[in-house]
Amino acid sequence: MPKVLFTSESVTSGHPDKICDLIADSILDAALMEDPNSHMAVEATIKDDLILVYGEANTNAKIDYEAIAKSVLKEIGYNEDYHVIAKVNKQSSEINNAVVGEELAAGDQGIMFGYASNETESYMPFAIATAHKLAKRLEEVRRQDSRLRPDGKTQVTVEYNDGKLKRLDTIVISSQHTEDITQEELRDLLIREVILPTVDEKYLDENTKYLINPSGSFIVGGSWGDSGTTGRKIVVDSYGGYAPIGGGCFSSKDPTKVDRSAAYYARYVCRNLVANGLCEKCQLQLSYAIGKKDPVSIAIKSFGTSKYSNEELLEIILKNFNFSVQNMIDELGLRRPIYRNTTNYGHFGREGLPWETFKEIKL
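Sequential numbering of the sequence shown, starting at 0, is according to numbering that gives the first Met the number 0.
This is the structure:
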């Protein structure tokens, strides 16, 4: 194979879309904390000082939507005054009746994908893993340096030769800042404090390009520079473009929504196929129908990296994993208030999440 460049991006918690994701997941955790059987799909949109919280909620929890939204903004680092409008209704009885029966069923139709590779210790593709690390480090640095502000993005372009990871071709960082720092100072700061402590120097060379705030000044950010909505960063949230994405986002949704739970379980399966040495990388597709407890289809690809055929891998998967909605929720413990921890820096490849744990696979 010839030289190939591949790019993935990440964003910080101050990005307007991520503000809305964190509001949504904070609301979900608040509901699950009081009522683990809550059925939630409450999202958010933000522009300037206006926050709209809207969706469906079947829960016994008492939720102060306005207080949660404003608390999230302050936590991130935005101290402006915000006005919150909440429009939340109960989930449709038709949907609720289809989901809740003798055994829990899928809350909607849809497709979900899982992916894993041995390219990194986290079993994630290198570009998205590195972009997330840079975004997380950028957030740490801006909380220590008052000249940096919450909104920010990172992007990493990786070079492959003959299918093997070779080097980092380009690193892009855009960081909101105050008027108290010049572009030259900002460039030096982000290379010194964000890039060099984060990226293994063996992937950097004299031809690696650093594009720091390529648009120039970035003083106006967050909701004042752009609008935001829950669920608009699904490529950032998943595999950075290495694998297909399903039709739905993760944030805001309780685990009866298979857009979330089945995507997590698909990652769990793929991660463990690779961790058990059954393949070097793999991709799993699941599909569900509303009101049905088991998947409509399951498809596995190992991209020629396994001694087993895809058909044989599928047999192994079905011996070791149960894709019913109830089992996915129970096996991974998804009725807990754990979702704020997933909002930023990707939903996969991070320690402490139940779908990132090891499971021995029996042949």
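No residue lacks a Cβ here, since even glycine has one placed at the ideal position from N, Cα and C.
* Are the beta-carbon atoms of residue 212 and residue 173 separated by less than 8 Å? -> Going by C-beta atoms, residue 212 is nearer than 8 Å to residue 173.
* Reference residue 114, options 137, 300, 73, closest by Cα -> Looking at 137, 300, 73, the one whose alpha-carbon comes closest to that of residue 114 is 300.
* Per DSSP, which one or two residues make a beta bridge with residue 88? -> The bridge partners DSSP lists for residue 88 are 55.
* Asked: So, do the region 249-269 and the region 325-335 have three or more beta carbon pairs nearer to each other than 8 Å?
  -> They touch, by the three-pair rule.
* To do: Return yes when the Cβ of residue 182 is within less than 8 Å of the Cβ of residue 148, no when it is not.
  => Pairing residue 148 with residue 182 gives a Cβ-Cβ distance that is not under 8 Å.
* Asked: Which partner residues does residue 160 have in the DSSP bridge list?
  -> When beta bridges are read from the DSSP output, residue 160 appears opposite 163.
* **Residue of 129, 109, 35 minimising C-alpha distance to residue 329** => Checking every option, the nearest Cα to that of residue 329 belongs to 35.
* Measure the alpha-carbon distance for residue 210 versus residue 350 and round it to whole angstroms. => Those two C-alpha atoms are separated by around 30 Å.
* Can you tell me which of the three DSSP states residue 7 falls into? => Three-state result, residue 7: strand.
* To do: Could you please give me the residues that DSSP links to residue 176 through a beta bridge?
  => Its beta-bridge partners are 147.
* Asked: Going straight from the alpha carbon of residue 187 to that of residue 42, what length do you get?
  -> Residue 187 and residue 42 have their C-alpha atoms roughly 38 Å apart.
* To do: Note down, one range per segment and in chain order, each beta strand (DSSP E) of at least 3 residues found wholly within the region 185-246.
  => Considered as a whole, the region 185-246 harbours 208-211 as its complete beta strand (DSSP E) runs of no fewer than 3 residues, in chain order.
* Mind the definition here: the region 215-230 touches the region 11-27 only if three or more C-beta pairs lie below 8 Å; say whether that holds. => A contact exists between the region 215-230 and the region 11-27.
* Asked: Is the CB of residue 186 under 8 Å away from at least one CB in chain C?
  -> Of the chains in the structure shown, none is chain C; there is only one protein chain.
* Asked: Candidates 69, 64, 53, 79: which alpha carbon is nearest residue 220's?
  -> Considering only alpha carbons, the answer is 79.
* Start and end residues, alpha helix (DSSP H) containing residue 22 -> Looking at the DSSP string, the run of the alpha helix (DSSP H) that includes residue 22 is 15-33.
* Asked: Is the number of C-beta pairs between the region 51-71 and the region 278-285 that are closer than 8 Å three or more?
  -> Proximity of the region 51-71 to the region 278-285 falls short of the contact definition, fewer than three beta-carbon pairs being nearer than 8 Å.
* Please check the pair residue 156 and residue 198, which I expect to be a contact at CB under 8 Å, by giving their CB distance rounded to whole angstroms. => Incorrect: roughly 12 Å between the Cβ atoms, too far for contact.
* Asked: Under a three-way DSSP split, which group does residue 257 fall into?
  -> Note: residue 257 maps to helix in three-state DSSP.
* Is it right to say residue 364 is buried, meaning 16 or more other beta carbons lie within 10 angstroms of its own, or is it exposed? -> In the structure displayed, the chain extends from 0 to 362; residue 364 sits before or after that span and is not available.
* Asked: Would you call the region 100-111 and the region 256-269 touching, i.e. three or more CB-CB distances under 8 Å?
  -> Judged by Cβ distances under 8 Å, the region 100-111 makes contact with the region 256-269, as three or more pairs qualify.
* Asked: For residue 32, which of 61, 236, 5 has the nearest alpha-carbon?
  -> Out of 61, 236, 5, 61 has the C-alpha closest to the C-alpha of residue 32.
* To do: Give the single residue among 337, 84, 272, 234 whose Cα lies nearest to the Cα of residue 363.
  => Since the first residue of the chain shown is 0 and the last is 362, residue 363 is not available in this structure.
* Residues near residue 117 by beta carbon distance below 6 Å, same chain, minus five either side -> Here the set comprises 273, 279.
* Look up residue 299 in the DSSP assignment and give the residues it is bridged to. => BP columns for residue 299 point to 283.
* Asked: Cα-Cα, which of 361, 303, 265, 356 is closest to residue 324?
  -> That would be 265, whose Cα lies nearest to the Cα of residue 324.
* **Environment of residue 178 [buried if 16+ CB atoms lie within 10 Å]** => The residue in question, residue 178, is exposed, as its Cβ has fewer than 16 Cβ neighbours within 10 Å.
* To do: Sort 160, 202, 73, 249 by Cα distance to residue 169 and report the nearest one.
  => When each option's Cα is compared against that of residue 169, the closest is 202.
* **Integer-rounded CB distance, given that residue 153 should sit under 8 Å from residue 137** => Indeed, because the Cβ distance is near 6 Å, the residues count as touching under 8 Å.
* To do: Spatial neighbours of residue 296 within its chain, please: CB distance less than 6 Å, with the 5 preceding and 5 following residues excluded, ordered by chain position.
  => Around residue 296, the same chain offers 286 as residues with beta carbons nearer than 6 Å, after the five sequence neighbours per side are excluded.
* **Sub-8 Å separation of residue 86 and residue 57 beta-carbons** => Going by C-beta atoms, residue 86 is not nearer than 8 Å to residue 57.
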